[in-house]
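Quick notes on the structure that follows.
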Amino acid sequence: MASIFLTYLAGVIPVRKSNISYQKEILDKNAFLKSSTSPGSAGKDDDKANLKHPWQAVQEKLLDSLDAIEQSSNLGNGVEFEQKQAARPLSLFAISEGPKLRLLWASFHQLEKEVNNLSGAPDTVDMDNWMMVFSKIIREACQPVCLAWLEKEFCLENRNFDEALIMEKVKGDDSILQTIIKSGKGDLYAELVYFLRYGTLRKGSTYDYSVFALYAESILEDLVITLADGIASIYLELISVDGDFSNEINSLGLAMCNLSTRSLQKLRNEVALKLWLYENVEAVVSMYEDCFDLCTFQSQLIKEPSRDRRTENYSWWKNLIQRKSGPVTSASSYVKIMSISISVKRTKELRALKGWRYYFSLFLELSDISMPFIRALFDKISNAISFFLVCLIGRSLGLIYTGIRQSLRWK
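Residue 408 is where the sequence shown ends in our numbering, and the numbering goes up by one at each step.
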């Protein structure tokens, strides 16, 4: 009996699995089929719940990160947004961790407020009028976001905040809206706002319902990051060497931006160059490849260094189990900016290209047609050159070797 018991503990005798997981799977399937086939108000309630999901998902990510910053004292030293994860550099990378997350939260909160304040019948809005509504949302959101964010940061540092100074700079600034339009995401953002406000697609929309059903959260995060990045760019312009209000705004010191003047100017120039390349080259390539490049939030658990084992009194069985001291994963999480690509048909945008972007699209078509012939011609020329060099060098070496042999025989 003792041997049988020990064998059972060792796992040699197989234990018959219970049917709990299988029964749970069947119950889940039946519940799903029942909910999917049930008519009436249940389907409408599900649609309303799905509408709130993108707002709630993004809100939870940002609030978790803000709570982690307040609770963890070493978060600023060990956790940061990684520039390598983004497809292109952002002005947000120059802002410190705490102010950066508070800026993202202010952008998200103001966007949600502006969208929820929209009124009017959804069926009476065409695309041109709705783009005007969306442009108005972005314009009206910039100033409150910038003021609320800077007021919060000045308050945390016990500094005086000159609201008139910031309003003078932000008022009438359409740089964020122009960046959205040039990136080719204006229609996508506008349709997202319509979808979040009314729960359906606009009549005549060029996008499918599945795009927002699957990627509404990612598109919303990209819109929040774009708005926050534009505000960060305005702030970096104010504190830069060539800024007009650097003395007044720089009173916060390194609390907002811990980069040196040289590093800050280098980042600003890199952001400006990459933005131009993205708007005029990469955005057109994305249109031809029927995709959107989005910046999204990815939640990651914070890994805190474990305490020294020598300072703690472990019992003998804890010392036996925990041989090495490694990082301990806490329950707190923070968000990191990641780049993803979603597949969306963009034929309408290709037809609306003008200027340099239109000529570059023609160049892409020409390169797609001519590149196979150019590659084949290049391969043939390279093979011919290789054959010629091999034959020439081989014959030359052969003649030299023959001449050496003949000279040795004559001697």
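Glycine included, C-beta positions come from ideal geometry on N, C-alpha and C.
Length of the line joining the Cα atoms of V387 and S393 = Along the sequence shown, read from residue 1 onward, the residue named residue 387 stands at position 390. Along the sequence shown, read from residue 1 onward, the residue named residue 393 stands at position 396. Straight across, the Cα-Cα distance linking V387 with S393 is about 10 Å.
Runs of alpha helix (DSSP H) lying entirely within the stretch 89 to 116, each at least 4 residues, in chain order = Those alpha helix (DSSP H) runs which fall completely within the stretch 89 to 116 and span 4+ residues are 94 to 113.
9 Å Cβ cutoff met for S338 and C288 | Here residue 338 corresponds to residue number 341 of the sequence shown, with the count starting at 1. Here residue 288 corresponds to residue number 291 of the sequence shown, with the count starting at 1. Cβ atoms of S338 and C288: closer than 9 Å.
Does DSSP classify M411 as helix, strand or coil?
-> One cannot answer for residue 411 here, as it falls past the ends of the chain, which runs -2 to 408.
Please name the residue or residues paired with Q295 in a DSSP beta bridge.
-> Along the sequence shown, one-based indexing puts residue 295 at 298. BP columns for Q295 point to K333.
State the beta-bridge partners of F289 as determined by DSSP.
-> For the purposes of this step, residue 289 is taken as the residue at position 292 of the sequence shown. Bridge partners of F289: I339.
S393 (DSSP reduced to helix, strand or coil) = Working through the sequence shown from its first residue, we reach residue 393 at position 396. DSSP places S393 in helix when its eight states are reduced to three.
Taking the C-alpha atoms as reference points, what is the distance between L220 and K166?
-> Numbered from its first residue, the sequence shown carries residue 220 at position 223. Numbered from its first residue, the sequence shown carries residue 166 at position 169. Rounded to the nearest angstrom, the two C-alpha atoms are 22 Å apart.
Work out the CA separation of D376 and E57 for me, nearest whole Å.
-> Taking the sequence shown and counting its residues from 1, the one referred to as residue 57 is at position 60. Taking the sequence shown and counting its residues from 1, the one referred to as residue 376 is at position 379. Taking the straight line joining both Cα atoms gives about 55 Å.
Starting from D184, follow the alpha helix (DSSP H) in both directions and report where the run begins and ends.
-> Indexing the sequence shown from 1 puts residue 184 at position 187. From DSSP, the alpha helix (DSSP H) with D184 extends over 183 to 195.
Using a Cβ-Cβ cut-off of 6 Å (strictly less than) and excluding sequence neighbours within five positions of W102, which residues of its own chain qualify?
-> What you label residue 102 is simply residue 105 of the sequence shown in a count that begins at 1. Excluding sequence neighbours, W102 sits near L59.
Please confirm whether E214 and H50 have their CB atoms less than 9 Å apart.
-> Along the sequence shown, one-based indexing puts residue 214 at 217. Along the sequence shown, one-based indexing puts residue 50 at 53. Yes, the Cβ-Cβ distance between E214 and H50 is below 9 Å.
Which residue comes first and which comes last in the alpha helix (DSSP H) that contains N266?
-> Against the sequence shown, residue 266 aligns to sequence position 269. Residues 258 to 274.
State buried or exposed for S32, treating a residue as buried only when at least 16 other CB atoms are found within 10 Å of its CB.
-> The sequence position of residue 32 within the sequence shown is 35, counting from 1. Confidence in S32 is poor, its pLDDT being 39 and thus under 50, which makes the residue's placement unreliable; the coordinate value appears in the next sentence. Its Cβ having fewer than 16 others within 10 Å, S32 is exposed.
How big is the Cα-Cα spacing for T399 and I378?
-> What you label residue 399 is simply residue 402 of the sequence shown in a count that begins at 1. What you label residue 378 is simply residue 381 of the sequence shown in a count that begins at 1. Those two C-alpha atoms are separated by around 31 Å.
Are S367 and S330 touching if we call contact CB-CB under 9 Å?
-> In the sequence shown, residue 367 corresponds to position 370, counting from 1. In the sequence shown, residue 330 corresponds to position 333, counting from 1. No; because the gap between Cβ atoms is not below 9 Å, this pair is not in contact.
DSSP three-state assignment for D425, whether helix, strand or coil | The structure shown does not extend to residue 425, since the chain is modelled only from -2 through 408, so no value can be given for it.
Coarse secondary structure for T203, derived from DSSP in three states | Within the sequence shown, residue 203 is the residue found at index 206, counting from 1. If DSSP states are grouped into helix, strand and coil, T203 belongs with coil.
Local conformation of N380 per DSSP, three classes = Position 383 of the sequence shown holds residue 380. If DSSP states are grouped into helix, strand and coil, N380 belongs with the helices.
Beta-carbon separation of I228 and S104 under 9 Å?
-> The residue labelled residue 228 in the question sits at position 231 within the sequence shown. The residue labelled residue 104 in the question sits at position 107 within the sequence shown. In contact: I228 and S104 (Cβ atoms closer than 9 Å).
Any idea if F151 is buried or exposed, counting beta-carbon neighbours within 10 angstroms, 16 or more meaning buried?
-> In the sequence shown, residue 151 corresponds to position 154, counting from 1. With 16 or more other Cβ atoms within 10 Å, it is buried.
Flag this pair as touching only if the stretch 172 to 191 and the stretch 262 to 280 have three or more C-beta atom pairs under 8 Å; answer yes or no.
-> With a cut-off of 8 Å, the stretch 262 to 280 and the stretch 172 to 191 count as touching, because enough Cβ pairs lie within range.
Meets three-Cβ-pair contact criterion under 8 Å: the stretch 256 to 270 and the stretch 86 to 97 = As far as the Cβ criterion goes, the stretch 256 to 270 touches the stretch 86 to 97, which means the pair count is three or higher.
Coarse secondary structure for D171, derived from DSSP in three states | Position 174 of the sequence shown, counting from 1, holds the residue named residue 171. Three-state result, D171: coil.
How many angstroms separate the CA atom of K351 from the CA atom of A381?
-> In the sequence shown, counting from the first residue as 1, residue 351 sits at position 354. In the sequence shown, counting from the first residue as 1, residue 381 sits at position 384. Rounded to whole angstroms, K351 to A381 spans 43 Å at the Cα level.
For D239, which three-state DSSP category applies?
-> Here the question's residue 239 lines up with position 242 in the sequence shown. Residue state, collapsed to three classes: coil.
Leaving out five residues on either side along the sequence, give the residues of the same chain with a beta carbon under 6 Å from the beta carbon of P96.
-> Walking along the sequence shown from the start, residue 96 turns up at place 99. Around P96: E150, M253.
Under the three-state reduction of DSSP, which class applies to E234: helix, strand or coil?
-> Start at 1 with the first residue of the sequence shown, and residue 234 comes out as number 237. Three-state result, E234: helix.
Note down, in chain order, each residue of its chain lying with its Cβ closer than 6 Å to the Cβ of V268, except the 5 sequence neighbours on either side.
-> For this step, residue 268 is matched to residue 271 along the sequence shown. Take V268, set aside five residues on each side of it, and the residues of its chain with a beta-carbon closer than 6 Å to its own are P86, S88, in chain order.
With a cut-off of 8 Å on the beta carbons, I'd call E148 and E111 a contact; round off their distance for me.
-> As a first step, residue 148 must be located in the sequence shown, where it is residue number 151. As a first step, residue 111 must be located in the sequence shown, where it is residue number 114. Contact check for E148 and E111: beta-carbon distance about 19 Å, past the 8 Å limit, so the pair fails to qualify.
Excluding the 5 residues preceding and the 5 following Y204 in the sequence, name in chain order all residues of the same chain whose CB lies nearer than 6 Å to its CB.
-> The count along the sequence shown starts at 1 and reaches residue 204 at position 207. Result list for Y204: E188, in chain order.
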